[in-house]
Ligand code: PRT
Ligand code: ZN
């Protein structure tokens, strides 16, 4: 059996919007991977690297708990989990190694077209459905608005029509989903891209740090070549 502790562990989203681009980037920097669809772990055949393939929601915590060494994650999810852990008094340390050129989106507040939106104060006393309650509540606080974040893990865009909330706060890229649901984007509260993060608990071995220092400049090279 190989010694897992000597292999660099990288968490990536198993299946979703960040998966293909993250794997393409790893391959572009010369890491050969043997990925089998159902498996949680994938081994590199040419580097001392193992991939842990998980839901994106789990990646910030895996890095912050030092279970993995690196992770590819959207800044929206990373910031939300950081705020959640801070609120729970848990360690929330990490280092952003690179901001990447994919996964771009914005977290925005949107209201039904018939909602008379005159500015953030129009949300006073309202319910806003979201998967990102910590980011949304921080926005309310910074803007002095007394509104309530209602947590939904899916189908956020139908919440106003279902009578569950007055407005929503969700990720937007093209805007097509908002439009299809009769919603109007009013406030961008967070802009996000995928990032590569590293654990920051000081426990990385010299060998792993040397490997990371060899890989990161290659990421820069790949991103620059595309610009
Ligand atoms: O199963 P798992 O938990 O891993 O996946 P997930 O369903 O939570 O995440 P996934 O794969 O949908 O998204 C992963 C990450 O991709 C997000 O955390 C963002 O960092 C990034 N990303 C970029 C997006 C979008 N663009 C995006 N448009 N994530 C989600 N959307 C959704 C949005 O929620 C809405 O439903 O797409 C819809 C809006 O898109 P438009 O183009 O209609 O505006
Ligand atoms: Zn998720």
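In UniProt numbering, the protein residues as written are 1 to 227.
Glycine is no exception: its CB is placed at the ideal position from the N, C-alpha and C atoms.
Practice task
Assign residue 116 to one of two classes, buried (16 or more other C-beta atoms within 10 Å of its C-beta) or exposed (fewer than that).
Solution key: Residue 116 comes out exposed.
Exercise for the section: Could you name the residues of the same chain whose beta carbon sits closer than 6 Å to that of residue 21, not counting the 5 residues immediately before and after it, in chain order? Expected result: The residues are 102.
Practice task
Keeping to the same chain, check which residues put their C-beta closer than 6 Å to that of residue 86; ignore five residues upstream and five downstream.
Solution key: Cβ within range, chain order: 92.
Exercise for the section: Spell out the partners DSSP gives residue 112 in its beta bridges. Expected result: Per DSSP, 183.
Problem - Extent of the continuous beta strand (DSSP E) to which residue 168 belongs - result: In this chain, the beta strand (DSSP E) harbouring residue 168 covers 167-172.
Exercise for the section: Decide if residue 5 is buried, meaning its Cβ has at least 16 other Cβ atoms within 10 Å, or exposed. Expected result: By the 10 Å Cβ count, residue 5 comes out exposed.
Problem - Member of 162, 183, 74 and 62 whose CA lies at the smallest distance from the CA of residue 111 - result: In terms of Cα proximity to residue 111, the closest of 162, 183, 74 and 62 is 183.
Handout entry: Residue from 55, 26 and 57 whose Cα sits closest to the Cα of residue 49
Key = Comparing Cα positions, the closest option is 26.
Practice task
Please indicate yes or no: does the CB of residue 56 lie closer than 8 Å to some heavy atom of the ligand ZN?
Solution key: Distances from the CB of residue 56 to the heavy atoms of the ligand ZN include at least one below 8 Å.
Exercise for the section: Would you mind working out which of 37, 90, 43 and 45 sits nearest residue 255, comparing C-alpha positions? Expected result: The question about residue 255 has no answer here: the residues shown for the chain are numbered 1 through 227.
Handout entry: Contiguous alpha helix (DSSP H) assignments of at least 4 residues, all confined to the stretch 9-36
Key = Annotation note: the stretch 9-36 contains the following uninterrupted alpha helix (DSSP H) runs of length 4 or greater, listed N- to C-terminal: 19-28.
Handout entry: Three-way DSSP call (helix, strand, coil) for residue 124 in this model
Key = DSSP, reduced to helix, strand and coil, places residue 124 outside both helices and strands of the structure shown, so it counts as coil.
Handout entry: residue 211 burial status per 10 Å Cβ neighbour count (16 or more: buried)
Key = So residue 211 ends up on the buried side.
Handout entry: Buried or exposed (CB count within 10 angstroms, at least 16 for buried), residue 220
Key = Exposed, since its Cβ has fewer than 16 Cβ neighbours within 10 Å.
Practice task
Please state whether DSSP places residue 61 in a helix, a strand or coil.
Solution key: The three-state reading of DSSP puts residue 61 in helix, counting H, G and I together.
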